[in-house]
Amino acid sequence: MPKPAEGTGVAIRKRSKVPGVMITQYVEELPPGSTTPDFIRKPIALTIQEGRLAFFKAVVSGNPVPEVSWARNKGDISNSTKYVSRFDEKNEEYILEIPKVDSDQADTYKCFAINPFGKAVCTAALNVIEVGFKKRAPAPKSNPDEFRKMLKKTVVKRKEKQCKEGEIDPRFWEVLLSAPRKYYEGICHEFGVTDFRWMLRKLNQKKKEREAEQSKYVEKIDSLKQIEVKTDGTAEFELDIKLKDPNSKILLFKDGEMLDYGDGTDESTKHNMQKFGETYLFSIRDVGPEDAGLYQVDVEEVNMFSTSLVLPDVEFNTTLKDTKMIEGQDAVFECALSDPLPQITWCANDISIEHGEKYDITVSEDKQVHKLAVKNCTKEDKGVYTAIAGLRSSQGSLVVEDHGVHFLNGLSDTVANVGESAELSCKLSSEDSKGLWYKDGKKLESKNGITIVKDGTHHKLIIYDCQERDTGKYKFEAEGRKSEAALNVKDPPKINADALSKFSEPVIVKAGENASFKLPFSGKEPIKIQWFKEDEELLEGHGVRIEKSSAHSRLLLTKCQRKDSGEIKIKIKNEFATVEATSKLTVLDRPTPPQGPIEIAESSLSAIEFKWRPPKDDGGCPVINYDLERQQLGRNTWTKLGDIPGQPTYRDTNTDRGRKYCYRIRAKNLEGFSEVLTTNDISAGTLAFPGSPAPPKIVSVFKDCINLTWLSPSNTGGGSIIGYNVEKRKKGSNFWTQANPKDDPIIDKKYAVKDVIEGVEYEFRVSAINTCGPGEPSGPSEYAITRDPKKPPGQVKDLKITGSSYTSLSLSWTKPKEVKGEEDEAKGYFVEIRPTDQLEWNRCNTNAVIQTSFTAMGLKSMAMYWVRVIAVNEGGEGLSQNIDKYIIAMPPPVKPKLTNKKIKSFMVVKAGNTVRVSISFEASPLPDITWLKDCAPVAKHVTVTNFEKGSQLFIYASEMSDTGIYTVSVKNMVGQDTFTIEIRVTDDPKPPGPVELEQNVQGTVTLSWTPSPDEKRDDHLHYMVMKRDSVKQTWRTVVDNLFNNKFTVINILPGREYNFRVFAKNDIGLSEPSVSPVWGSTKKREKITYRVPESKTLDFQAAPRFIVPLKLHAAPPGYECYMSCAVTGNPTPHITWYHNNVSLNTNPNYYITNVCGVCSLLILRVGPRDTGEYQVLAESPLGHDECSTKLTVKE
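Taking numbering that gives the first Met the number 0 as reference, the numbering of the sequence shown is continuous, increasing by one, and the terminal residue is 1194.
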């Protein structure tokens, strides 16, 4: 056996992909290419009859190849006559054979795989079924020391809620809280719970309570896997827990008693827990009947997970058989159990499998025959399949055989163009297979441009330089298998690359000349050719000639005009494809006239300057210059001013004051002159003063200087501005004085006024000057006091949020204090906000506010903002004061609370009518609203509308399927609130069938009728029986809330006629009645003669006797059950009811009556515990009689 690496002292535990395998690594880092041992397939637990051959098989992996050995827990396996260990080279399996199994060999067997880098261990249980009678071995003598140890052992038990009589076992909720939804029905059946809707409501409430408790110790808990017995005889369950405190204690309980557990390294430890990241795996070795029970995992004192291990005592009457299938077929494994069992565990190669697309798991109606179907078998499905029922298991192997040579990939239809290569390929399942190629039934060989290639399982047919004759159906055959495909050779239009490049070059012609476009092509005829200009098709006609042939097409445009310029396109199309080519036509011509309107830039004493716009069309070549002519108003001659470079502007300085002039402008390119553009009359040299500028702005103020700036006037008076004058005036004075020297206009649009007195308040105005003189002055500026600048204020104090909504935020603060020489008084404030996902601050107020409060509007709901406030004065802005935490645009947080207290929790709606459920709530921030029906999302036809303070569920036309429990959850970051309403959609009930009457006991009538058609779909439907006799002539209700189809009416008097009516009744109302035939007859009075007989002493005493026996009953869970029988006897016998030999006369859960010998028992709410035998015992001093029946509770 290989020895582990020495001197490392390393034992790293690893988890295998195969459940139940423990791997120990001896080195910290594995050398390249080396691996620790592992089991590909581990041994499977066996249950086998005494005297037969038993064997364990294992397949291992590892590099270097590990050595495999076997052992057992109790005893050794060195006896070669009882144990044979061998290696099957063909299947690469290590096998331990036990030729004749004996009961003493029942044990847990271990398989070891060891190489120098590690060890892998797994176990498998062997159960032996004894045959015949054998004496039990004597009980071992007790060891006093062991007994002392038992006395010292302290048993820690989990605090369990005590179950009072009539209450549900608390374990029911423990198991249900940790179980998937698909197991709810089975758990309810096990604990006798029949009201599923009540269970779901209660379960949701308990889940919330447990989640609140769990949140104290864990951040999350998921991936809960129920306990399951594995093929090696161990039981495992696991869950993922993320602990808040890694040092929290994890406790394991069985039936409330705390268990000690190991870490999986000690093979003798019964219970173990292994941790892999956040996954906790709990295992129980060598599972026996005593291990059945409720297992619970707690963190500190809070329960996290509960799972029930049920080990039914069943045997396999029929075991699994080995199966051999052909690939692609379905394999079926079947076993039969000695007792009914709703579900067993199926494993494929030691891995649990469930019902799905690959596997179909079914159970017979009697729950004893279990089947597993493996659909569409492939090579990967081969292996050992195991059925596990309680502590028993049965296994069968599946062998999947290849069904001969077949196509893994067949031929597929191919398309190729003429002159190109085409390839057809397929893939066989065998490399040794050879095949033949055919075209239209004729065999093909590698010649004449055809090449046949075989590459392993791939077969190819390559056709070079495809032509139309190669089109056809191709077939490949190999060993009776064949695959076909079609090759379609197309000849679409093609254009040579050089011809396409030449065609794409633009064609440039002068106006009046012809333009020609020609393009050669190839392709299968018929070919359709179309020419387009600017996407409009050109047709043969005036100025257009089109030539077409099988090899080329030509377009000729005659006497081209400038408007003919644009994109030229040819489209060539045949049955296979369409190709296009584009070119461009440019027609050169004279430009169009320059464009108005004329913009006069200057009209002064010295010059006239004006501008125009370039021509709309330059004629296909750029404008070189403009030709200008001038005419003085009143004269007939035009004076040529000459050619002006290509800029559309002209300044005429040769003008006379007071004259008017008209100008003609023509554009010129290489093709000639355009038409003229004539201006309106333009005056020269008239007096036009500039307009008033805007009031000047004060930039800065000092004790000896005030700095001003201003803007130019919009009206310059037809000339250019040559300067400005600035005037000043003291506050309270009417006299303006010029601040700049009188003969020295200010050239710039700014000025520093220095002739000021400290402490005086001034205002200023500005006037513009052009060649005609100064214009009107501007309006006055703001007042400014001549003093040195102030210091900026400090930070505001006590900044806080005083209110908020989804769109606004209210702030308040305290004015900053003045610090002499450092911080002056604040005159106003700016509020700025910044979204947390942006870097730029946004100012909420454009002008500084004076008050120390502000409301920022226009915020985005639930957005997060940073907020700051800046104090300002004449000296500028101070430092900002920020709020430490970001603010969310929302009202103050409010936990969701439902406000409509009068809403009902139960609603009955007639099918087809509208269902509307509205709720109102208070919550901030806006909550998430979820509607569920029976814990699942509502159907698509259900409309849910959410409002700011409410929500509505609406069903336009309700159906029976809409019946259920609807839950609305209103949840936000503060908390949540829920409301549950049961909605029942039903319809007017249909009447029951014909009523039949029968008399079994004198003085009684038994009515029976056919059930209403609505009984199957409405579980609230019941019956009401009414009676009318021929004497009283009024209808009286005999019985109501009757859930069966038979009833016995008592106190039927002779000599009267009776009529009966039976109604079906549900939550909507009554059906039409079903009327019975008339019962009884009216006696006619006749004269009678009565003779007094001689008196004789008679004995009327009789022993009890049942004249109408009990009948068999079957009732669904949750409904009532009514049993009745009739007894006679004198003296009146004493009646006692029994259920499974237990007296019921004092049990308040049963309603027992005895009227005129009719004995009845009513079970108000049938449950699983009511199943069994019921007996009625009639006793008197003269004897006794009994009658019995059975009650079956339907699933």
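From the three backbone atoms N, C-alpha and C, an ideal C-beta is built for every residue, glycine too.
Assigned secondary structure, residue i (DSSP; H/G/I helix, E/B strand, else coil)
i	result
residue 651	strand
residue 204	helix
residue 1054	coil
residue 947	coil
residue 180	helix
residue 746	coil
residue 1049	coil
residue 285	coil
residue 562	helix
residue 111	strand
residue 136	A caution first: residue 136 carries a pLDDT of 38, below 50, which makes its placement in the model unreliable, though a value can still be read off. Coil at residue 136, not helix or strand.
residue 807	coil
residue 1123	strand
residue 890	coil
residue 882	coil
residue 17	coil
residue 458	strand
residue 1037	strand
residue 1158	strand
The beta strand (DSSP E) enclosing residue i, as first and last residue numbers
i	result
residue 894	893 to 897
residue 451	449 to 454
residue 1133	1133 to 1138
residue 1112	1112 to 1114
residue 940	Counting along the chain, residue 940 falls outside any beta strand (DSSP E), and DSSP gives it neither H nor E.
residue 834	827 to 834
residue 1068	Per DSSP, residue 1068 belongs to no beta strand (DSSP E) and is neither H nor E.
residue 844	Element bounds for residue 844: n/a, residue is neither H nor E.
residue 56	53 to 62
Terminal residues of the alpha helix (DSSP H) in which residue i lies
i	result
residue 364	Here residue 364 belongs to no alpha helix (DSSP H), and DSSP marks it neither H nor E.
residue 641	Unbroken run through residue 641 is the beta strand (DSSP E), 638 to 644; no alpha helix (DSSP H).
residue 500	496 to 503
Assumed close pair residue i, residue j - CB separation to whole angstroms, cut-off 8 Å
i	j	result
residue 346	residue 283	Contact flag wrong, Cβ pair sits at about 17 Å.
residue 459	residue 424	5 Å
residue 45	residue 95	At roughly 11 Å, the Cβ-Cβ gap does not stay under 8 Å, so residue 45 and residue 95 are not in contact.
residue 695	residue 803	Between residue 803 and residue 695 the Cβ distance is about 44 Å, and since that is not below 8 Å, they are no contact.
residue 199	residue 934	6 Å
residue 690	residue 598	That belief does not hold up - the Cβ atoms of residue 690 and residue 598 are roughly 18 Å apart, past 8 Å.
residue 780	residue 720	That pair is no contact at about 19 Å.
residue 827	residue 849	6 Å
residue 768	residue 744	5 Å
residue 531	residue 570	7 Å
Interface flag, residue i vs chain B, CB-CB below 8 Å
i	result
residue 116	Structure shown: chain B not included; a single protein chain is present.
Can at least three beta-carbon pairs, one atom from the segment 352 to 372 and one from the segment 296 to 307, be found at a separation below 8 Å?
-> Flag = no, the segment 352 to 372 and the segment 296 to 307 do not touch.
Looking at C-beta atoms only, is the number of pairs between the segment 419 to 434 and the segment 379 to 393 that lie closer than 8 Å three or more?
-> No: fewer than three Cβ pairs fall under 8 Å.
What are the start and end residues of each continuous beta strand (DSSP E) run of 3 or more residues lying completely inside the segment 395 to 456, in chain order?
-> Within the segment 395 to 456, the complete beta strand (DSSP E) segments of 3 residues or longer fall at 406 to 408, 413 to 416, 421 to 427, 435 to 438 and 449 to 454, listed in chain order.
Cβ pair count under 8 Å reaching 3, the segment 435 to 442 against the segment 461 to 474 | Between the segment 435 to 442 and the segment 461 to 474, the count of C-beta pairs closer than 8 Å reaches three or more; the two stretches touch.
Is the segment 557 to 573 touching the segment 634 to 641 in the sense that three or more CB pairs, one from each, lie closer than 8 Å?
-> The way I'd put it, the segment 634 to 641 doesn't touch the segment 557 to 573; fewer than three beta-carbon pairs between them come closer than 8 Å.
With contact counted as at least three CB pairs below 8 Å, one residue from each stretch, are the segment 724 to 737 and the segment 798 to 808 in contact?
-> Contact between the segment 724 to 737 and the segment 798 to 808 is absent, because fewer than three Cβ pairs lie under 8 Å.
With a cut-off of 8 Å, do at least 3 Cβ pairs link the segment 572 to 585 to the segment 512 to 531?
-> Here the segment 572 to 585 makes contact with the segment 512 to 531; the two share three or more CB pairs at distances below 8 Å.
Stretch pair the segment 490 to 507 + the segment 541 to 549: three plus CB contacts closer than 8 Å = The segment 490 to 507 makes no contact with the segment 541 to 549; the number of CB pairs closer than 8 Å stays below 3.
Could you say if the segment 747 to 754 and the segment 787 to 804 meet the contact criterion of at least three C-beta pairs nearer than 8 Å?
-> The segment 747 to 754, when compared against the segment 787 to 804, does not touch it at the 8 Å Cβ threshold.
Starting from the N-terminal side, write out each stretch of the beta strand (DSSP E) that is 3 residues or longer and does not extend beyond the segment 994 to 1020.
-> For the beta strand (DSSP E) assignment, the uninterrupted runs of no fewer than 3 residues enclosed by the segment 994 to 1020 are, from N- to C-terminal side, 994 to 997 and 1004 to 1008.
Please specify which runs of the alpha helix (DSSP H), each continuous and at least 4 residues long, are wholly inside the segment 471 to 558, giving them in chain order.
-> Whole alpha helix (DSSP H) segments, 4+ residues: 496 to 503.
Should the segment 1037 to 1051 be regarded as contacting the segment 1117 to 1136, the criterion being three or more beta carbon pairs within less than 8 Å?
-> At 8 Å Cβ cutoff, the stretches touch.
May I ask you to verify whether the segment 392 to 408 touches the segment 367 to 380, counting CB pairs closer than 8 Å and requiring at least 3?
-> Under the three-pair Cβ rule at 8 Å, the segment 392 to 408 counts as touching the segment 367 to 380.
Report the residue ranges of all beta strand (DSSP E) runs contained in full by the segment 663 to 708; include only those spanning at least 3 residues, in chain order.
-> The qualifying runs are 696 to 700 and 705 to 708.
Sufficient close CB pairs (3 or more, under 8 Å) joining the segment 905 to 914 to the segment 974 to 986 = Cβ pair count under 8 Å is three or more, so yes.
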